[in-house]
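Shown next, in structure tokens, is the structure this report addresses.
Protein chains: 2
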Amino acid sequence: MSGKIPSSDHTIGPHTIGALGKLTGVNVETIRYYERIGLLAGAARSSGNYRIYDDRHVKRLTFIRKARDLGFPLEAVRRMLALSDQPDRPCAEVDDLVVEQMGEVERKIADLTRLRDELARLAHQCRGGLVSDCRIIEALSP
Amino acid sequence: MSGKIPSSDHTIGPHTIGALGKLTGVNVETIRYYERIGLLAGAARSSGNYRIYDDRHVKRLTFIRKARDLGFPLEAVRRMLALSDQPDRPCAEVDDLVVEQMGEVERKIADLTRLRDELARLAHQCRGGLVSDCRIIEALSP
DNA sequence: GATGCACCCTGTAGCCACTACAGGGTCAAG
DNA sequence: CTTGACCCTGTAGTGGCTACAGGGTGCATC
Numbered sequence: 001m002s003g004k005i006p007s008s009d010h011t012i013g014p015h016t017i018g019a020l021g022k023l024t025g026v027n028v029e030t031i032r033y034y035e036r037i038g039l040l041a042g043a044a045r046s047s048g049n050y051r052i053y054d055d056r057h058v059k060r061l062t063f064i065r066k067a068r069d070l071g072f073p074l075e076a077v078r079r080m081l082a083l084s085d086q087p088d089r090p091c092a093e094v095d096d097l098v099v100e101q102m103g104e105v106e107r108k109i110a111d112l113t114r115l116r117d118e119l120a121r122l123a124h125q126c127r128g129g130l131v132s133d134c135r136i137i138e139a140l141s142p
Numbered sequence: 001m002s003g004k005i006p007s008s009d010h011t012i013g014p015h016t017i018g019a020l021g022k023l024t025g026v027n028v029e030t031i032r033y034y035e036r037i038g039l040l041a042g043a044a045r046s047s048g049n050y051r052i053y054d055d056r057h058v059k060r061l062t063f064i065r066k067a068r069d070l071g072f073p074l075e076a077v078r079r080m081l082a083l084s085d086q087p088d089r090p091c092a093e094v095d096d097l098v099v100e101q102m103g104e105v106e107r108k109i110a111d112l113t114r115l116r117d118e119l120a121r122l123a124h125q126c127r128g129g130l131v132s133d134c135r136i137i138e139a140l141s142p
């Protein structure tokens with residue numbers, strides 16, 4: 001059976017999943033995963049059962065990718081997408097998500113900074129010796 | 001069938017898994033998980049098939065917990081445990097692990113700091129407005 | 001000795017956010 | 001007409017646990 005297949009490579013018009021992936025910088029497997037969990041709407045299909053994405057998909061996925069790059073968990077991304085579809089709602093709800101995420105990130109930074117200091121204290125404590133005299137092992141041993 | 005069961009609550013002598021967990025601050029499920037993946041040696045069993053841990057287990061698990069608290073992945077913990085059993089090997093191998101882990105942590109801190117700065121720039125950009133005018137949504141939209 | 005309760009056992013499934021196959025089908029070019 | 005790049009579905013794996021389900025054990029209390 002013959003059928004039209006979308007030619008891709010352009011920034012506009014229909015795209016195969018691979019073209020969408022390249023356009024947005026998202027792995028093909030990840031795109032399918034997003035569809036499976038209902039984050040990205042399913043695409044139309046070609047006669048050969050290929051997914052055919054349009055520009056709304058490109059926009060949507062770009063949004064998701066940027067939000068993920070900022071460290072938002074998928075649930076937050078989902079909420080932001082929902083909000084972006086409701087232009088009449090207060091913007092503060094979006095802001096809350098950003099502030100929450102910033103808090104998370106700051107907590108992680110604080111934790112990791114403590115860790116790094118601990119590790120720095122441990123490092124290079126036993127240059128050239130044997131494990132039997134290793135201060136690091138000692139520090140970990142009860 | 002009767003049988004001796006270890007009474008616990010002391011810091012020395014045999015322990016049930018629950019007592020070991022309390023002693024070391026490690027979740028009971030996690031202890032069983034460590035046994036399953038071969039990180040913590042299996043314990044003797046009581047007549048009622050309860051695990052009976054001795055002081056070597058306590059030491060071992062404390063070591064693991066401290067290393068985990070420092071963010072070492074389980075594979076690194078495994079290598080450190082192996083090294084701690086070979087006192088004649090050079091301590092530098094342990095040091096390498098610490099330095100590597102410190103590098104990881106510093107990379108994460110750098111990444112998160114960049115993230116935090118991005119988020120800080122986004123936060124509070126659209127106080128009181130509607131989603132339709134939200135700069136955050138705008139920033140994420142292509 | 002029956003009952004209750006805290007603890008223990010095994011085995012399996014779930015979490016997050018992907019990633020990596022296996023085993024096939026489809027498309028365009030040479 | 002074959003090659004090779006791409007696509008499809010479905011399932012299993014990653015790390016490091018955590019959370020059951022469905023049972024058994026140990027001990028105190030009535």
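Chains A and B, in that order, are what the protein sequence lines are. Okay, so the first sequence: first residue is 1 according to this note's numbering, each after it adds one. Okay, so the second sequence: first residue is 1 according to this note's numbering, each after it adds one. Glycine residues also receive a C-beta, built at the ideal position from the N, C-alpha and C atoms. None of the values given here were measured: they were computed from a predicted structure.
query: Taking 9 Å as the CB-CB limit, is A:Thr30 close to chain B?
result: For the purposes of this step, residue 30 of chain A is identified with residue 30 of the first sequence, where counting begins at 1. Chain B contact via Cβ: absent.
message: Let me check one thing: in DSSP terms, what residues is B:Ala44 bridge-paired to?
response: Taking the first residue of the second sequence as position 1, residue 44 of chain B is located at position 44. DSSP output for B:Ala44 lists B:Ile52 as bridge partner(s).
task: Using a Cβ cut-off of 7 Å, pull out every chain A residue sitting near B:Gly129, in sequence order please.
output: Position 129 of the second sequence, counted from the start, is the residue given in the question as residue 129 of chain B. Residues of chain A with a Cβ closer than 7 Å to the Cβ of B:Gly129 are, in chain order, Cys91.
Residues that A:Pro14 contacts on chain B, provided the C-beta gap is smaller than 8 Å: On the first sequence, residue 14 of chain A is found 14 positions in, with the first residue counted as 1. Residues of chain B passing the Cβ test: none, with the nearest at roughly 17 Å.
query: Is B:Leu39 helix, strand or coil when you go by DSSP?
result: By one-based count along the second sequence, residue 39 of chain B stands at place 39. Looking at B:Leu39 - three-state DSSP - the assignment turns out to be coil, as it is neither helix nor strand.
Contact check, A:Leu74 vs B:Gln101, beta carbons under 9 Å: Here the question's residue 74 of chain A lines up with position 74 in the first sequence. Here the question's residue 101 of chain B lines up with position 101 in the second sequence. No, Cβ-Cβ distance for A:Leu74 and B:Gln101 is not below 9 Å.
query: DSSP three-state call for B:His15: helix, strand or coil?
result: The residue given as residue 15 of chain B occupies position 15 in the second sequence. It is a strand residue.
message: Does the structure place the region 44–64 of chain B close enough to the region 116–134 of chain A that three or more beta carbon pairs sit under 8 Å?
response: No, the region 116–134 of chain A is not in contact with the region 44–64 of chain B.
Rounded distance between the beta-carbons of A:Val98 and B:Leu122, thought under 8 Å: Reading the second sequence from its first residue, position 122 is the one you call residue 122 of chain B. Reading the first sequence from its first residue, position 98 is the one you call residue 98 of chain A. Confirmed, Cβ separation roughly 5 Å.
Proximity of A:Leu83 and A:Ile64 at Cβ, strictly below 9 Å: Within the first sequence, numbered from 1, the residue matching residue 83 of chain A stands at position 83. Within the first sequence, numbered from 1, the residue matching residue 64 of chain A stands at position 64. For A:Leu83 and A:Ile64, no; Cβs fall outside 9 Å.
- prompt: Just the Cα atoms here: how many angstroms apart are B:Tyr33 and B:His15?
  reply: Residue mapping note: residue 33 of chain B aligns to position 33 of the second sequence, counting from 1. Residue mapping note: residue 15 of chain B aligns to position 15 of the second sequence, counting from 1. Computed Cα separation, rounded: 17 Å.
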